[in-house]
Amino acid sequence: MILHEKLGRPGSVDISIRICSLSASHMPVPISQAWTVASYVLGQKLRGNKRYPLVLMLEPLFRCNLACAGCGKIQYPDHVLSKRLTPEQCWSAADECGAPMVSIPGGEPLIHPEIDKIVEGLVARKKYVYLCTNALLLKRKLDLFKPTKFLTFSVHMDGLEPEHDAAVCRDGTYKIAVEAIREAVQRGFRVTTNTTLFEGTDPSRVRLFFDEMMKLGVEGMMLSPGYSYQKAPDQEHFLGRERTKKLFSQILANRKRSWKFNLSPNFLEFLQGNVDYECTPWGNPTYNIFGWQKPCYLLQDGYVPTFKQLIEETVWENYGHRSGNEKCRDCMVHCGYEASSVDDTFGSVPGFARTVKAAMAYGT
Amino acid sequence: MPQADKHALPTHKPGSIEGTTLECGDDASRRHALQTAFDYRGDVTLDLQDGSHLLGFVYLYNEPGDEVQLFVPQGKDSVPQTVPASRVRQVRFTGEDPAFGKSWDDWTTKAEKERQKEMDRLAREAADRGHL
């Protein structure tokens, strides 16, 4: 079993995952997207389907143009880093999985020589695509894409300039990303940011960062805590559940109306400890050059060739906060819990009421 | 350096299993060796019972553990290959451990000058590939 974070940054799973993984739900989003997601989830509920995917995490390559310290995604031999999913493999995974949203992390997807073709095919399937990028190549490659409600660039931003450049281990990255965001917004593309927070994060700096991102005109911001692992050697740096709740409560206290979050409002409530959920690891299934990853985006317990096998053969009871699995004990990451919060929204009247209340509070 | 030669180098690094060998004397030791190979982030060499060798990245060793799946380098690409676990005599961790010394703590404990040098090198490599 491999944990991506096994040599990763304290308090987080690893940087490439942070760059790439923040998933794609749900507001503020176009009404058509909200409707698509809502009708999809309700359809699954009506069919009595307990385990359904919400966001396909499609990793077409692991190669990146950053080399962030602790990043597990780039810790492979060169011949593995050189492998790419073909557009046909990507479309086939999307068809097989059926999720209404597709998040494309990596590696850096814009390195993929056929990323435009991959996106085009997914958009043709009416998938809401979140292309997760560090934006180093975004400005140069914008011409490859057409603005559409189905495509969002989700730009990795880990804070204001000093924090972001330190996190990605390269000076100048923040400035390039900001410039690319401006250009993409100006050209009519949907743009969000995605941010992962760690132990030691200064809440007041994060609040300033939110102000800066909203000034850039992004549609919304995605947030997640880093992945915590109980057995990690350096516990003092890890964001355990209680510290995660405290940090997010501080960040989101007296939140400004100008801040828009591209997340389920219930997930933000969960991060602050105002509601508790169990993990939904099948909510964001991951497909990459090795196949369908068991059980989730963060853990690598093996691979299976089909999505059906992933759903049917994974022993899901072995995972989640309450399972007793030490690898899941402190995890509050979006890819496990945002799907839980969406499921809650459509699972009961109280869940729906919670969502409405939280949505009004967060302006989402 | 050709990839094959690189993998043949016995480069044991203290703190990493790179350069070490695990024997598969019985079922338990075979399971341990192959599970360790699955966890390893670099390439390994599987020495098989018939005296042949298979070099590659182990990406799958599923329960009940009767098969190992690898990506075997071929030129600049690699291709998937499956080998029955029972055929494996020993596992040599011959490929460079790409995770070793790459943790966040490793990074932060480096001197500023060393970090800058590494940042420059990595940026140059990405630029050389046309990725910047």
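If you read the protein sequences in the order shown, they are chains R and C.
FYI, in the working numbering the residues of the first sequence are 1 to 364.
FYI, in the working numbering the residues of the second sequence are 1001 to 1132.
Cβ coordinates follow ideal geometry from the N, Cα and C atoms, glycine included.
Integer-rounded CB distance, given that residue j should sit under 8 angstroms from residue i
i, j, result
"residue 295(R)", "residue 277(R)", "Contact flag wrong, Cβ pair sits at about 17 angstroms."
"residue 147(R)", "residue 189(R)", "5 angstroms"
"residue 273(R)", "residue 245(R)", "3 angstroms"
"residue 61(R)", "residue 106(R)", "6 angstroms"
"residue 216(R)", "residue 181(R)", "5 angstroms"
"residue 223(R)", "residue 195(R)", "5 angstroms"
"residue 116(R)", "residue 144(R)", "4 angstroms"
"residue 132(R)", "residue 227(R)", "Not really, about 16 angstroms apart at Cβ, beyond 8 angstroms."
"residue 304(R)", "residue 291(R)", "6 angstroms"
"residue 134(R)", "residue 156(R)", "5 angstroms"
Paired residues, beta bridge with residue i - DSSP
i, result
"residue 401(R)", "Residue 401(R) is absent from the model: chain R starts at 1 and stops at 364."
"residue 194(R)", "156(R) and 222(R)"
"residue 1131(C)", "DSSP lists no partner for residue 1131(C)."
"residue 1021(C)", "1092(C)"
"residue 1067(C)", "1084(C)"
"residue 1055(C)", "1045(C)"
"residue 1060(C)", "1069(C)"
Which of helix, strand or coil DSSP assigns to residue i
i, result
"residue 128(R)", "strand"
"residue 152(R)", "strand"
"residue 82(R)", "coil"
"residue 1203(C)", "Residue numbering for chain C in the displayed model covers 1001 to 1132; residue 1203(C) lies beyond these limits and cannot be assessed."
"residue 13(R)", "For residue 13(R), the predicted structure reports a pLDDT of 35, less than 50, and the residue's modelled location is therefore unreliable. The matter cannot be settled from this model."
"residue 1077(C)", "strand"
"residue 1133(C)", "Shown here, chain C extends from 1001 to 1132; a query on residue 1133(C) therefore has no answer."
"residue 21(R)", "Since pLDDT at residue 21(R) reaches only 40, below the 50 mark, its modelled position is unreliable, and no value is offered."
"residue 1027(C)", "helix"
"residue 103(R)", "strand"
"residue 137(R)", "coil"
"residue 208(R)", "helix"
"residue 379(R)", "A query on residue 379(R) cannot be resolved here, the shown segment of chain R reaching from 1 to 364 and no further."
"residue 92(R)", "helix"
"residue 146(R)", "coil"
"residue 1016(C)", "coil"
"residue 59(R)", "coil"
"residue 29(R)", "coil"
"residue 1120(C)", "helix"
"residue 174(R)", "helix"
"residue 386(R)", "This structure gives no information on residue 386(R), because the portion of chain R shown stretches from 1 to 364."
Alpha-carbon to alpha-carbon, residue j and residue i
i, j, result
"residue 1061(C)", "residue 1098(C)", "20 angstroms"
"residue 1054(C)", "residue 1072(C)", "8 angstroms"
"residue 93(R)", "residue 1112(C)", "44 angstroms"
"residue 1203(C)", "residue 1085(C)", "Only positions 1001 to 1132 of chain C appear in this structure, which leaves residue 1203(C) out of reach."
"residue 1017(C)", "residue 168(R)", "27 angstroms"
"residue 126(R)", "residue 191(R)", "18 angstroms"
"residue 183(R)", "residue 1027(C)", "59 angstroms"
"residue 1020(C)", "residue 99(R)", "43 angstroms"
"residue 1031(C)", "residue 42(R)", "44 angstroms"
"residue 347(R)", "residue 52(R)", "13 angstroms"
"residue 1025(C)", "residue 1089(C)", "7 angstroms"
"residue 1109(C)", "residue 1100(C)", "14 angstroms"
"residue 1117(C)", "residue 70(R)", "18 angstroms"
"residue 293(R)", "residue 104(R)", "15 angstroms"
"residue 298(R)", "residue 310(R)", "15 angstroms"
"residue 288(R)", "residue 72(R)", "14 angstroms"
"residue 1008(C)", "residue 1091(C)", "Here residue 1008(C) scores only 37 on pLDDT, less than 50, and its place in the model should not be relied on; the value that follows carries that caveat. Taking the straight line joining both Cα atoms gives about 13 angstroms."
"residue 158(R)", "residue 1087(C)", "47 angstroms"
"residue 178(R)", "residue 110(R)", "17 angstroms"
"residue 123(R)", "residue 108(R)", "19 angstroms"
"residue 281(R)", "residue 316(R)", "8 angstroms"
"residue 32(R)", "residue 1083(C)", "49 angstroms"
"residue 266(R)", "residue 1095(C)", "45 angstroms"
"residue 187(R)", "residue 142(R)", "9 angstroms"
"residue 258(R)", "residue 1040(C)", "46 angstroms"
"residue 262(R)", "residue 40(R)", "19 angstroms"
"residue 1069(C)", "residue 75(R)", "18 angstroms"
"residue 283(R)", "residue 333(R)", "12 angstroms"
"residue 1036(C)", "residue 328(R)", "21 angstroms"
"residue 1077(C)", "residue 1102(C)", "24 angstroms"
"residue 34(R)", "residue 77(R)", "41 angstroms"
"residue 302(R)", "residue 254(R)", "43 angstroms"
Residue i CB to nearest heavy atom of the ligand SAM below 7 angstroms
i, result
"residue 133(R)", "For the ligand SAM, the structure offers nothing, since it holds no ligand at all."
Problem - Inside the stretch 242-296 of chain R only - alpha helix (DSSP H) runs reaching at least 4 residues - result: Here the runs fully enclosed are 265-271.
Handout entry: chain A contacts from the stretch 1023-1057 of chain C (Cβ-Cβ distance under 9 angstroms)
Key = No chain A is part of this structure, whose protein chains are labelled R and C.
Exercise for the section: Can you check the stretch 311-356 of chain R for any alpha helix (DSSP H) of at least 4 residues that lies completely inside it and give the ranges in chain order? Expected result: Restricting attention to alpha helix (DSSP H) runs no shorter than 4 residues, the stretch 311-356 of chain R encloses them at 334-347, ordered along the chain.
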